[in-house]
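Asks:
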């Protein structure tokens, strides 16, 4: 239950990113496919915002598919092999890859496949090529959750370029106060999380380049085929 609430909290910010990028690019999808949808939290967050039209997801594990299929907000959930989507070209208006590409050995290949199936794609990844993420504990955690890629902003943009896509819009997020405080139950930890959020948010606002080198921020962008 704790981690379900954690995923639901994260989905709020991820939905904000999807909606903001689409609004800036003039993308108003009538159908949306999330590749690597997990338990469906992000698709449900979009449904609550009345965004995305017909909502579908694919996942690589039967357990996640079963959970996501139980959510009435999602129209369709299917199992897939981690690379190939069994849908025609441009079957969906919008594709979403949210915190997926850091888990795969060839992120550009997966992005290209999603762009084949979707007219536009929003991707989001953590930028973990920074001083904080080099610490042993952080590296161990990244390995435990299956991160194969350690990206900075240039590397994320490079994935888009290797997939043959054009970058339409991008944003960064040092994460909101609620995220930093989520696991801080004791009063002292709660206060420390608030100080950490204020320092990171302030540095990212004033000196975003230095902030990216110092700690992990989330990077999201909207991309599409140049012919789209």
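Residue numbers (our numbering): 112 to 339.
The beta-carbon is built from N, C-alpha and C at its ideal position, and this holds for glycine as well.
Remember, it's a predicted structure, so these values are computed and weren't measured experimentally.
Do the region 202-209 and the region 222-241 make contact, defined as three or more Cβ pairs closer than 8 Å?
Replies: Segments in contact, yes.
Asks: Answer with buried or exposed for residue 106, where buried requires no fewer than 16 other C-beta atoms within 10 angstroms of its C-beta.
Replies: Outside the shown range of the chain, which is 112 to 339, sits residue 106, and nothing can be said about it.
Asks: Among 215, 220, 196, 285, which has the Cα closest to the Cα of residue 259?
Replies: Within the chain shown, residue 259 is the residue found at index 148, counting from 1. Ranking the options by Cα distance to residue 259, first place goes to 215.
Asks: Can you check DSSP and say which residues form a bridge with residue 169?
Replies: For the purposes of this step, residue 169 is taken as the residue at position 58 of the chain shown. Paired residue(s): 146, 189.
Asks: Classify residue 154: buried if its beta carbon has 16 or more other beta carbons within 10 angstroms, exposed otherwise.
Replies: Here the question's residue 154 lines up with position 43 in the chain shown. Counting Cβ neighbours within 10 Å, residue 154 comes out buried, since at least 16 surround it.
Asks: Should residue 333 and residue 280 be called a contact, given that it needs their Cβ atoms to be closer than 8 Å?
Replies: Position 222 of the chain shown, counted from the start, is the residue given in the question as residue 333. Position 169 of the chain shown, counted from the start, is the residue given in the question as residue 280. Yes, these two residues count as a Cβ contact at 8 Å.
Asks: For the beta strand (DSSP E) that residue 235 lies in, which residues bound it at each end?
Replies: As a working note, residue 235 is residue 124 in the chain shown. Where residue 235 is concerned, the enclosing beta strand (DSSP E) stretches over 229-238.
Asks: When you compare the region 233-247 with the region 166-184, are there three or more beta-carbon pairs, one atom per stretch, that lie closer than 8 Å?
Replies: Flag = no, the region 233-247 and the region 166-184 do not touch.
Asks: Under the rule that 16 or more other beta-carbon atoms within 10 Å means buried, what is residue 114, buried or exposed?
Replies: To locate residue 114, count along the chain shown from 1; it is residue 3. Label assigned to residue 114: exposed.
Asks: Taking contact to mean at least 3 C-beta pairs separated by less than 8 Å, is the region 295-302 in contact with the region 184-203?
Replies: The region 295-302 vs the region 184-203: no contact.
Asks: Can you tell me the Cα-Cα spacing of residue 244 and residue 130, whole angstroms?
Replies: Translated into the one-based positions of the chain shown, residue 244 becomes position 133. Translated into the one-based positions of the chain shown, residue 130 becomes position 19. Roughly 28 Å separates the two Cα atoms.
Asks: Can you grab the Cα-Cα spacing for the pair residue 303 / residue 160, in whole Å?
Replies: Position 192 of the chain shown, counted from the first residue, corresponds to residue 303. Position 49 of the chain shown, counted from the first residue, corresponds to residue 160. Answer to the nearest angstrom: the Cα atoms are 32 Å apart.
Asks: I need the straight-line Cα distance from residue 290 to residue 121, nearest angstrom please.
Replies: As a working mapping, residue 290 is identified with position 179 in the chain shown. As a working mapping, residue 121 is identified with position 10 in the chain shown. Taking the straight line joining both Cα atoms gives about 7 Å.
Asks: Where does residue 331 sit, in a helix, a strand or coil, going by DSSP?
Replies: Taking the first residue of the chain shown as 1, we reach residue 331 at position 220. In this structure, residue 331 counts as strand in the three-state DSSP scheme.
Asks: Buried or exposed: residue 301, going by 16 or more other Cβ atoms within 10 Å of its Cβ?
Replies: Taking the chain shown and counting its residues from 1, the one referred to as residue 301 is at position 190. Result: exposed.
Asks: Please state whether DSSP places residue 209 in a helix, a strand or coil.
Replies: To locate residue 209, count along the chain shown from 1; it is residue 98. In this structure, residue 209 counts as strand in the three-state DSSP scheme.
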